[in-house]
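Heads up, the sequence shown is in the working numbering, so the first residue is 279 and it goes up one at a time. Beneath this line is the structure, given in structure tokens, with notes to follow.
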Amino acid sequence: MDRKFRIARVWSNRELRKLAPLFKGDVVNISAWDDRDKEGGYYQDYFTQKARYYFTNYSGERGWQGKENEYFLDLTQELPSELQQRFDVVFNHTTLEHVFDVRKAFQNLCLVSKDIVIVVVPFCQKQHGKDMYCDFWRFTPICLRYLFKENDFEVIYEAQSRHRNAAIYLLFVGSRYSEKWRHIMPAYKEIKECGNWIGHPLHPLNFQLIKNFLSFLKNFRFAF
């Protein structure tokens, strides 16, 4: 995996390893393919207090496989009645940018859950659509807060990756019953300025000044 993608994935996996053991009950990874975390592990192993673990997929490459613990789910269609609030915890990693009807998809993530929804989305990332999986969207923190709010969820945790010259991911957790998590979830600060380093020089200022001065001397020499 390219470094610019890998660093953000490693960051989000680290965040999830910190949070996942807090949640109990039935867990589902939505649009999971085979549930791999791209570091050699599986997301089901992050949720150490789970009762049962499931995943969903849609058609196409890296889609539906017909496994025993797998559901077929199209996030853009009306949710089947048997999946309404079927799971205690819903997890989705970097799928929403590939769904044009993103509000419907987010609504379905919330409808599937009895309580918790965990999403990882890109704020800043190279366009990466492939075949039937087009790349439509990037998300801001306030966008995610609005999406949770319009589905009667409250954000109980939010974080962003902060590595330079790499993709920026957002990880948000929403709950139907936020009050019960008040003393369980780790402390966090609301994201005020996501990606505020974008556009800053990667080299220290003094290095850039020296580089500019050497360029000036080179041009000055050729002028005479």
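The C-beta atom is built at its ideal place from N, Cα and C for all residues, glycine as well. Being a predicted model, the structure only gives us computed values, none of them experimental.
Beta-carbon proximity list for residue i, same chain, < 6 angstroms, skipping 5 on both sides
i	result
H371	V398
K382	T354
G407	D413
Y435	V451, M463, Y466
L357	N386, L389
W289	S439
L449	S290, E293, V398, A437
K345	none
L422	F450
A298	Y324, F325
From the options, residue whose alpha carbon lies closest to that of residue i
i	options	result
Y411	N335, R442, S290	N335
D313	K296, R292, E348	E348
F369	F325, F401, E356, S337	F325
K316	N291, W459, D366, D323	N291
Q327	L357, F350, R423, K296	K296
S456	R284, V433, E356	V433
I308	L495, D323, V395	V395
I476	W459, L300, C421, R440	R440
E471	G318, I420, N429	I420
R284	G318, A298, S359	G318
L513	Q362, Q363, K458, S359	Here the chain covers residues 279 to 502 and nothing more, so residue 513 does not appear.
Cβ separation of residue i and residue j, assumed to be a contact under 8 angstroms, to the nearest whole Å
i	j	result
Y447	A310	Their Cβ separation, rounded to whole angstroms, is 17 angstroms, which puts Y447 and A310 out of contact at 8 angstroms.
D366	K392	5 angstroms
D430	R460	The pair is not a contact, with the Cβ atoms about 18 angstroms apart (cut-off 8 angstroms).
K404	K282	7 angstroms
Bridge-paired residues (DSSP) for residue i
i	result
E356	Paired residues: none, contrary to the question.
N350	Checking the sequence, you will find Phe at residue 350 rather than Asn. Answer by DSSP bridge pairing, in chain order: N335.
K328	G303
C388	Note: C388 sits in no beta bridge, so no partner.
F369	N307, I396
K408	Y411
Q403	According to DSSP, which records beta bridges pairwise, Q403 is partnered with nothing at all.
I446	C402
A437	L449
E503	This structure does not reach residue 503, given that the chain is present from 279 up to 502, and the question cannot be answered.
Own chain, CB closer than 7 angstroms to residue i, minus 5 neighbours either side, in chain order
i	result
G473	F401, C402, I446
L480	The pLDDT assigned to L480 is 49, lower than 50, so where the model puts this residue is not dependable; a value taken from the coordinates is nonetheless given after this. Once the five neighbours on either side are set aside, the close Cβ partners of L480 are R442, N443.
Q362	L389
Y320	D313, R314
F378	F414
Cβ-based neighbour list, residue i, same chain, cut-off 8 angstroms, excluding 5 preceding and 5 following
i	result
L374	V380, A383, F384, V397, V399, W415, F417
I469	P419, E436, A437, Q438, L448
S493	none
Using a Cβ distance threshold of 8 angstroms, determine whether the region 292-304 contacts the region 316-335, with at least three qualifying pairs required. Contact between the region 292-304 and the region 316-335 is present, because at least three Cβ pairs lie under 8 angstroms.
inquiry  = Tell me whether the region 383-396 and the region 411-420 touch, counting them as touching only if at least three CB pairs, one residue from each stretch, are closer than 8 angstroms.
reply    = At 8 angstroms Cβ cutoff, the stretches do not touch.
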